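Chemist: Residue numbers (the working numbering): 166 to 287.
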Amino acid sequence: MSAQDAAPVALGSGAVLQQRVREILAGRHSPYDVDRYRSAGVFMSRGLAELGVDSLEEALPAYVTMVLIPLTSSIAQGILWGFVLHAACFTLAGRRRELSPMMWLLALVAAGAIALENPAAG
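Here you go:
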């Protein structure tokens with residue numbers, strides 16, 4: 166896959182990817198776009214096969230993130246909830262000391278972003 170094909174995946178913001186999905190669903194797309202997104206999905210899902218299910222506190226946030234991204238139509242929302250759930254799962258499992266200060270900061274910022282974006286939930 167060339168750098169141009171991987172650009173929507175590499176951006177991370179999800180804005181480009183969401184716009185392209187809207188174009189595909191509306192029927193305004195190149196016939197080659199579907200193959201690009203299928204390839205990106207395969208590359209992104211390879212890590213799921215290596216994800217261990219030995220401990221629920223490690224696997225649950227990853228699977229919830231994977232499910233929330235398409236359900237919310239937002240890569241950012243899925244990842245934000247994944248950060249918060251990761252910290253919550255480790256805390257509930259009694260493993261909170263294993264999380265780095267950076268992970269706690271990310272979870273706090275993610276919770277704040279979720280609260281600001283969804284005022285009814287806060």
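Built from N, CA and C at the ideal position, the CB exists for glycine as well. As the structure is a computational prediction, the values presented were derived from the model and not from experiment.
For the candidate residues G259, T256, N283, I244, whose alpha-carbon lies nearest to that of L271?
Modeler: I244
Chemist: Would P235 and L250 qualify as a contact pair, given that the criterion is a beta-carbon distance under 9 Å?
Modeler: Not in contact: P235 and L250 (Cβ atoms no closer than 9 Å).
Chemist: Pick helix, strand or coil for V229, following the three-state DSSP scheme.
Modeler: helix
Chemist: Measuring only the C-alpha atoms, how far is S167 from I240?
Modeler: In this prediction, S167 scores a pLDDT of 47, lower than 50, which makes its location untrustworthy; no coordinate-derived value is stated.
Chemist: Once the 5 residues before and after W269 are set aside, which same chain residues still bring their CB inside 8 Å of it?
Modeler: Only residues of its own chain outside the window of five on either side were considered, and among them A252 have a CB closer than 8 Å to the CB of W269, listed in chain order.
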